[in-house]
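Novice:
Numbering (this note's numbering), first residue to last: 83 to 498.
Structural data, given as structure tokens:
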């Protein structure tokens, strides 16, 4: 890979990237970050310094063969999606170290999050905004170990500066070629920059696809398939009780308002409805449903199925979850004895018992028909009780989004 300048040394770096990186690392608590505000402040200072050094060094020079190979890959993404807490991270991490795939180790969130932020910025500010955001994601993807997925910076150089330089090189090319017809083109630029710095665009062992996972991307499947006709879609589903129990725990841990419960239920309904609808159609070359329980009970069989769907070899590396080759923690948020790189195949004790009768009824009201089609039977409710629960759940979501004045009639004091 030829470059326009030598990789920048940091021995005389006036922005002290190594020092800023050390300070950030000291704030990254093990096993999980809880001081989010402090970490964000330190990560912002570090990422902006890295970006400034990269801008000073300039982008690498890309060869014609690199560009040709990269854009062949760009047309062939794999989108992993499903409702939050359904197992999308595990699926991504099992795909991570396959030599035919370049897997982004953090959520893409292009359509679910970044698109909104970019609309609030001038276009000439997009590159720096996304570049710094992705630098922070590569250092701290999900607020728990592993951190520093590209390694650590030293006086001799920084892999994060090299990522930023690669993004400076790929961004204008992707914008020119894909920007006019692809709303997700900034994510493609990120994916190519990441591949550039990790797998590279080798000819001996070529990468065939890039992979990203974003929960709730099922809302945008029509757009994604229109923009990427060669894409493959991996839709992950899990027993609604387990998804809801894990989601409620995440809400409590984050300190979010209880009204988030209505949002969670609405997202679950959309995801299970999409899965049930697509499962009723003839088998598709572009869509595969992955049941989380099947993945745990028969990991080898599920891996072979995913590999066949993606047109890759079912290699042993697909049996161990990793992020850029680094073993990742347990796939269970209820597991207090997490072992990195190991699948927790035991059922989470108390997950189902943790839900109340009210929780069961709310889930049944929103999901019963679709969940049963996916192999998750729920106790049905009477038509009237089901309708009343649906009204209350929708009212809770409206209150969270627009204020309580919309839902005074459906006060929590009223019970169906």
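No residue lacks a Cβ here, since even glycine has one placed at the ideal position from N, Cα and C.
Between which two residues does the alpha helix (DSSP H) carrying residue 373 extend?
Specialist: Position 291 of the chain shown holds residue 373. Segment 369 to 373 is the beta strand (DSSP E) holding residue 373; no alpha helix (DSSP H) there.
Novice: Provide the residue span of the alpha helix (DSSP H) that contains residue 241, from first to last.
Specialist: What you label residue 241 is simply residue 159 of the chain shown in a count that begins at 1. 241 to 260 is the span of the alpha helix (DSSP H), which, as asked, contains residue 241.
Novice: Around the C-beta of residue 143, are 16 or more other C-beta atoms found within 10 angstroms, so that it is buried, or is it exposed?
Specialist: The residue you call residue 143 lines up with position 61 of the chain shown. Per the 10 Å Cβ criterion, exposed.
Novice: Where does residue 207 land, buried or exposed, given buried means 16+ other C-beta within 10 angstroms?
Specialist: Here residue 207 is taken as the residue at index 125 of the chain shown, counted from 1. Residue 207 comes out exposed.
Novice: Name the DSSP beta bridge partners of residue 294, please?
Specialist: Here residue 294 corresponds to residue number 212 of the chain shown, with the count starting at 1. Beta-bridge pairing links residue 294 to 161.
Novice: Mind the definition here: the stretch 310 to 328 touches the stretch 189 to 199 only if three or more C-beta pairs lie below 8 angstroms; say whether that holds.
Specialist: Contact fails: fewer than three Cβ-Cβ distances are below 8 angstroms.
Novice: Can you tell me where the alpha helix (DSSP H) holding residue 174 begins and where it ends?
Specialist: Position 92 of the chain shown, counting from 1, holds the residue named residue 174. 170 to 177 is the span of the alpha helix (DSSP H), which, as asked, contains residue 174.
Novice: Per DSSP, what kind of secondary structure is residue 235 in: helix, strand or coil?
Specialist: Locating residue 235 in the chain shown gives position 153, where the first residue counts as 1. Looking at residue 235 - three-state DSSP - the assignment turns out to be coil, as it is neither helix nor strand.
Novice: Which full runs of the beta strand (DSSP E) of 3+ residues lie inside the stretch 325 to 404, going along the chain?
Specialist: Here the runs fully enclosed are 369 to 373.
Novice: Determine the burial state of residue 287: buried for a count of at least 16 other Cβ atoms within 10 Å of its Cβ, exposed for fewer.
Specialist: Taking the chain shown and counting its residues from 1, the one referred to as residue 287 is at position 205. Label assigned to residue 287: exposed.
Novice: So what does DSSP say about residue 317, is it helix, strand or coil?
Specialist: By one-based count along the chain shown, residue 317 stands at place 235. Residue state, collapsed to three classes: strand.
Novice: Go through its chain and collect everything with a Cβ distance to residue 125's Cβ below 6 angstroms, but skip five positions before and after it.
Specialist: One-based indexing of the chain shown puts residue 125 at position 43. So the list reads 106 and 218, once near-sequence residues are dropped.
Novice: Just reading off the alpha helix (DSSP H) that residue 185 is part of, what are its end residues?
Specialist: In the chain shown, the residue the question calls residue 185 occupies position 103. Taken as a continuous stretch (DSSP letters only), residue 185 belongs to no alpha helix (DSSP H), being part of the beta strand (DSSP E) at 183 to 185.
Novice: Here's the rule: buried if 16 or more other CB atoms are within 10 angstroms of the residue's CB, otherwise exposed. What is residue 465?
Specialist: By 1-based counting over the chain shown, the position of residue 465 is 383. Burial call: exposed.
Novice: Any idea which residues DSSP pairs residue 226 with across the strands?
Specialist: Within the chain shown, residue 226 is the residue found at index 144, counting from 1. 114, per the DSSP bridge assignment.
Novice: Rounded to the nearest angstrom, how far is the Cβ of residue 385 from that of residue 396, given a contact under 8 angstroms?
Specialist: Indexing the chain shown from 1 puts residue 385 at position 303. Indexing the chain shown from 1 puts residue 396 at position 314. Correct: roughly 5 angstroms between the Cβ atoms.
Novice: Using a Cβ distance threshold of 8 angstroms, determine whether the stretch 268 to 288 contacts the stretch 300 to 309, with at least three qualifying pairs required.
Specialist: Touching, no.
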